[in-house]
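**Q** Residue numbers (the UniProt record's numbering): 1 to 450.
Dumping the structure here so I can ask a few things about it.
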């Protein structure tokens, strides 16, 4: 395992980043050393980030799974007895608190509510999965606690909120193009690791902007493996309840509940469309309120790929402040990821190479002209998902969403947040992209499942 040097003290955040959270932690605790990853440097197009396992400066606690176990008393001490001042978020299954370990490392402690049977199964799944995950673009598990009926997970603390917050939060500065590209590439690398470097592969099942955490250098980390499922080579998972978030659902999942790595690819493509357009996956404030962002964008994607005209897609807040070649690559990646046919979507490693400029767009599109195959236009093949059925399924899920109490609650509804701001007001006004989880799973303001 390649050892990384100890994390440096965090620099002052840029004007773009959020104000660091006020820490109510005991002032006599050891000084904080924020978990940081250095930027790859510059604002150029190729963010070729090294995919090394992440180690803390302490040999006893690794930012990677080191089989570290904690007692309940240790975690209570770290979080000041799970005080309200340290509460980051809460939901149907439990709470997330900010804490500080004796070695000075800040952590996010997720505690499941007592008696949450389904939550305990989620906990066991997370421990099994995250224990094998070591990647700089995935949120690391520091350890866990099993104490009687209590179940807790201890994550590294990622200090700069989420892609969703910075891109869509009310009153936030415009996210500039190099940062958008950096986030797209980092999250693609993390997802590619789950799909292609873990054996058996790991399907995330809840890829969305709120689950992309950021450090002060805007390095992206994919969070929330509470819905993840280890998929074998011969079987996929058919869910009996709606997972993921409305607006990110892959067509085949809306119909049958069948999940593959290509379902994650579709959700990632929706995220790319968010970065390109600045729009939410579903938003009543925009012209596509009766459709998803994907449906609204499809004809514009085809035009952009055929004619090279990007203006109708690109976030107006960017103006002309973007690299047109990089934009063309991201648009091509988004179009490929949101194809109706799951088997025609690219692998995430292909997306990484395309964003880095290492493959031609013709290779990404398999030589198919947009609008001239069932990938973009005609869906008559029995092997592909029928677009008419897709529309019917989306109407069904939209109706379920509007009738759902879970749908009405914001992911940013926690009474307190690590930023001391009213995130509910900044992130949920007019928002139509809430969790479609009939079980009542909510998220904290960092994107962790609760």
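Ideal placement from N, C-alpha and C gives every residue a C-beta, glycine not left out.
When you compare the CB positions of residue 300 and residue 316, do they come within less than 7 angstroms of one another, or not?
**A** As a working mapping, residue 300 is identified with position 300 in the chain shown. As a working mapping, residue 316 is identified with position 316 in the chain shown. For residue 300 and residue 316, no; Cβs fall outside 7 angstroms.
**Q** For the beta strand (DSSP E) that residue 274 lies in, which residues bound it at each end?
**A** As a working mapping, residue 274 is identified with position 274 in the chain shown. Counting along the chain, residue 274 falls outside any beta strand (DSSP E), though it belongs to the alpha helix (DSSP H) covering 261 to 277.
**Q** Whole angstroms are fine: how far does the CA of residue 206 sit from the CA of residue 107?
**A** Taking the chain shown and counting its residues from 1, one reaches residue 107 at position 107. Taking the chain shown and counting its residues from 1, one reaches residue 206 at position 206. Distance between the alpha carbons of residue 107 and residue 206 is about 22 angstroms.
**Q** Over what stretch of residues does the alpha helix (DSSP H) that includes residue 155 continue unbroken?
**A** Residue numbering aside, residue 155 sits at position 155 when the chain shown is read from its first letter. Unbroken run through residue 155 is the beta strand (DSSP E), 150 to 156; no alpha helix (DSSP H).
**Q** What does residue 302 pair with, by DSSP beta-bridge criteria?
**A** If you number the chain shown from 1, residue 302 lands on position 302. Bridge partners of residue 302: none, in fact.
**Q** Quick one: what does DSSP say residue 309 is sitting in, helix, strand or coil?
**A** One-based indexing of the chain shown puts residue 309 at position 309. Three-state DSSP puts residue 309 in coil, outside helix and strand.
**Q** Using a 10 Å radius around the Cβ and a threshold of 16 neighbouring Cβ atoms, would you call residue 102 buried or exposed?
**A** As a position in the chain shown, residue 102 is number 102, starting the count at 1. Residue 102 is exposed by the Cβ-count criterion.
**Q** Can you give me the Cβ contacts of residue 95 inside the same chain, cut-off strictly under 6 angstroms, excluding the 5 residues immediately before and after it?
**A** In the chain shown, residue 95 corresponds to position 95, counting from 1. If we look at residue 95 and ignore the five residues flanking it on each side, its Cβ neighbours are 111.
**Q** Measure how close the beta-carbons of residue 194 and residue 202 come, nearest whole angstrom, since I'm counting them as under 8 angstroms.
**A** Stepping through the chain shown from its first residue, residue 194 is reached at position 194. Stepping through the chain shown from its first residue, residue 202 is reached at position 202. With 8 angstroms as the limit, residue 194 and residue 202 qualify as a contact, their Cβ atoms being about 4 angstroms apart.
**Q** Quick check on the DSSP output: the alpha helix (DSSP H) that includes residue 189 runs from which residue to which?
**A** Here residue 189 is taken as the residue at index 189 of the chain shown, counted from 1. Counting along the chain, the alpha helix (DSSP H) containing residue 189 begins and ends at 177 to 192.
**Q** For residue 266 and residue 345, which I take to be in contact (beta-carbon distance under 8 angstroms), what is that distance rounded to the nearest angstrom?
**A** Here residue 266 refers to the residue found at position 266 of the chain shown. Here residue 345 refers to the residue found at position 345 of the chain shown. Rounded, the Cβ-Cβ distance is 6 angstroms, consistent with contact.
**Q** So for residue 337, helix, strand or coil by DSSP?
**A** In the chain shown, residue 337 corresponds to position 337, counting from 1. Three-state DSSP puts residue 337 in a helix.
**Q** Return yes when the Cβ of residue 158 is within less than 7 angstroms of the Cβ of residue 215, no when it is not.
**A** Position 215 of the chain shown, counted from the start, is the residue given in the question as residue 215. Position 158 of the chain shown, counted from the start, is the residue given in the question as residue 158. Yes, the Cβ-Cβ distance between residue 215 and residue 158 is below 7 angstroms.
**Q** For residue 335 and residue 298, what's the separation of their Cα atoms in angstroms?
**A** Residue mapping note: residue 335 aligns to position 335 of the chain shown, counting from 1. Residue mapping note: residue 298 aligns to position 298 of the chain shown, counting from 1. One C-alpha to the other measures close to 8 angstroms.
**Q** Between the beta-carbon of residue 208 and the beta-carbon of residue 144, is there less than 7 angstroms?
**A** The count along the chain shown starts at 1 and reaches residue 208 at position 208. The count along the chain shown starts at 1 and reaches residue 144 at position 144. Not a contact, by the Cβ cut-off of 7 angstroms.
**Q** For residue 172, which of 292, 309, 190 and 278 has the nearest alpha-carbon?
**A** For the purposes of this step, residue 172 is identified with residue 172 of the chain shown, where counting begins at 1. Closest by alpha carbon: 278.
**Q** Would you grab the beta carbon distance between residue 331 and residue 305 for me? Rounded to a whole angstrom, and I think it's under 8 angstroms.
**A** For the purposes of this step, residue 331 is taken as the residue at position 331 of the chain shown. For the purposes of this step, residue 305 is taken as the residue at position 305 of the chain shown. Sure, about 7 angstroms apart at Cβ, within 8 angstroms.
**Q** If we require 3 or more residues per run, which beta strand (DSSP E) segments fall completely within the region 197 to 223?
**A** DSSP runs (the beta strand (DSSP E)) wholly in the region 197 to 223: 212 to 214 and 220 to 222.
**Q** Any idea what DSSP makes of residue 98, helix, strand or coil?
**A** Residue mapping note: residue 98 aligns to position 98 of the chain shown, counting from 1. Three-state result, residue 98: strand.
**Q** Return the CA-CA distance between residue 210 and residue 360, expressed in angstroms with no decimal places.
**A** Here residue 210 corresponds to residue number 210 of the chain shown, with the count starting at 1. Here residue 360 corresponds to residue number 360 of the chain shown, with the count starting at 1. Their backbone Cα atoms lie some 30 angstroms apart in a straight line.
**Q** Please report the straight-line C-alpha distance between residue 302 and residue 341, rounded to a whole angstrom.
**A** Working through the chain shown from its first residue, we reach residue 302 at position 302. Working through the chain shown from its first residue, we reach residue 341 at position 341. Their backbone Cα atoms lie some 16 angstroms apart in a straight line.
**Q** How is residue 258 classed by DSSP in three states: helix, strand or coil?
**A** The residue you call residue 258 lines up with position 258 of the chain shown. Strand.
**Q** When we look at the beta-carbon of residue 199 and count the other beta-carbons within 10 Å, is it buried (16 or more) or exposed?
**A** If you number the chain shown from 1, residue 199 lands on position 199. That one is exposed.
**Q** I'd like the list of long-range same chain contacts for residue 69, defined as Cβ closer than 7 angstroms, with 5 residues on each side in sequence excluded.
**A** Mapped onto the chain shown, residue 69 falls at position 69. Excluding sequence neighbours, residue 69 sits near 143, 144 and 145.
**Q** Are residue 250 and residue 352 closer than 7 angstroms when you measure CB to CB?
**A** The residue labelled residue 250 in the question sits at position 250 within the chain shown. The residue labelled residue 352 in the question sits at position 352 within the chain shown. Against a cut-off of 7 angstroms, the Cβ pair of residue 352 and residue 250 comes out as no contact.
**Q** Going by the beta-carbon positions, is the gap between residue 130 and residue 141 smaller than 7 angstroms?
**A** One-based indexing of the chain shown puts residue 130 at position 130. One-based indexing of the chain shown puts residue 141 at position 141. Yes, these two residues count as a Cβ contact at 7 angstroms.
**Q** Just mark residue 170 as buried or exposed, buried being the case when its beta carbon has 16 or more other beta carbons within 10 Å.
**A** For the purposes of this step, residue 170 is taken as residue 170 along the chain shown, with counting starting at 1. Exposed: under 16 other Cβ atoms inside 10 Å.
**Q** First and last residue of the beta strand (DSSP E) that includes residue 108?
**A** Translated into the one-based positions of the chain shown, residue 108 becomes position 108. First-last of the beta strand (DSSP E) with residue 108: 106 to 112.
**Q** Just to confirm before moving on: does the CB-CB distance between residue 75 and residue 127 stay below 7 angstroms?
**A** For the purposes of this step, residue 75 is taken as residue 75 along the chain shown, with counting starting at 1. For the purposes of this step, residue 127 is taken as residue 127 along the chain shown, with counting starting at 1. No.
**Q** One question on the structure: do residue 139 and residue 221 come within less than 7 angstroms of each other, judged by their Cβ atoms?
**A** To locate residue 139, count along the chain shown from 1; it is residue 139. To locate residue 221, count along the chain shown from 1; it is residue 221. It is a contact, given that the beta carbons lie within the stated cut-off.
**Q** Compare the Cα-Cα distances from residue 255 to each of 176, 261, 167 and 392 and report the closest residue.
**A** Working through the chain shown from its first residue, we reach residue 255 at position 255. Checked all of 176, 261, 167 and 392; the closest Cα to residue 255 is 392.
**Q** Pop quiz: residue 167 and residue 355 are said to be a contact at Cβ under 8 angstroms. What is the actual Cβ separation, rounded to whole angstroms?
**A** The residue labelled residue 167 in the question sits at position 167 within the chain shown. The residue labelled residue 355 in the question sits at position 355 within the chain shown. That pair is no contact at about 17 angstroms.
**Q** By Cβ distance below 7 angstroms, which residues in the same chain neighbour residue 270 in space, the five residues on each side in sequence not counted?
**A** Reading the chain shown from its first residue, position 270 is the one you call residue 270. Around residue 270: 247, 248, 281, 293, 294 and 338.
**Q** Less than 6 angstroms between C-beta atoms, sequence neighbours within five positions excluded: which residues of the same chain meet that for residue 263?
**A** Within the chain shown, the letter at position 263 stands for residue 263. Excluding sequence neighbours, residue 263 sits near 250 and 253.
**Q** Please report the Cβ distance between residue 268 and residue 177, rounded to the nearest whole angstrom; I am assuming they are in contact, meaning their Cβ atoms lie under 8 angstroms.
**A** On the chain shown, residue 268 is found 268 positions in, with the first residue counted as 1. On the chain shown, residue 177 is found 177 positions in, with the first residue counted as 1. 19 angstroms between Cβ atoms; not a contact.
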